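The sequence shown runs contiguously to residue 142 in the working numbering.
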Amino acid sequence: MSKLNDQEKQALVDLANEARKRAYAPYSRYQVGAALRTKSGRIYTGVNIENAAYPTTICAERVAIFKAVSEGDKDFDVIAVVTENGGTPCGSCRQVMAEFGLDTAVLVADSKGQVTMESTVGGLLPGAFTPEDLQRV
Ligand code: THU
């Protein structure tokens, strides 16, 4: 579970909700915001960025993760994801999260900032294929 206290969790959710306003989602109109806290204490936000060529769209979670990794910051603590209705991370995002650790806490909240689900990456993707699997071949 999350290594943050309730106040820190709410602060991360609020940041994700604030980021959500910057979502570029003219096609689905489904705005998603994410806020990723790394063990270094830094926070990276992300939003979904859609494209007229629909499959080119990228989810909020992956934007936040790729921002962190591209800054050399890849030890994750918690990721908060906010949508209008508390929708949960998609399969592709779960897989990308799994690459960086199954123990990362995942907070899902709705647009009121209410946490609707609290889990871990491992909890969201049981039996995940991870970098360890490649070391066994
Ligand atoms: N979306 C995310 O940003 N994260 C998810 O985990 C689920 C889906 C976005 C992608 C697309 O822009 C919109 O939500 C509708 O699928």
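For each residue, glycine too, the CB sits at the ideal point set by N, CA and C. Being a predicted model, the structure only gives us computed values, none of them experimental.
| Query | Result |
| --- | --- |
| Going by C-alpha distance, which of 59, 32, 56, 70 is nearest residue 38? | 70 |
| At which residues does the alpha helix (DSSP H) containing residue 17 begin and terminate? | 11–25 |
| Per DSSP, what kind of secondary structure is residue 82 in: helix, strand or coil? | strand |
| Are the beta-carbon atoms of residue 54 and residue 62 separated by less than 9 Å? | yes |
| Where does the unbroken beta strand (DSSP E) through residue 124 begin, and where does it stop? | 120–125 |
| Given a threshold of 16 other Cβ atoms within 10 Å of its Cβ, counted over all protein chains shown, does residue 35 qualify as buried or as exposed? | exposed |
| Identify whether residue 130 lies in helix, strand or coil by the three-state DSSP scheme. | coil |
| Looking only at its own chain, which residues have a Cβ that is under 6 Å from the Cβ of residue 105, when we skip the five neighbours before and after it? | 79, 81 |
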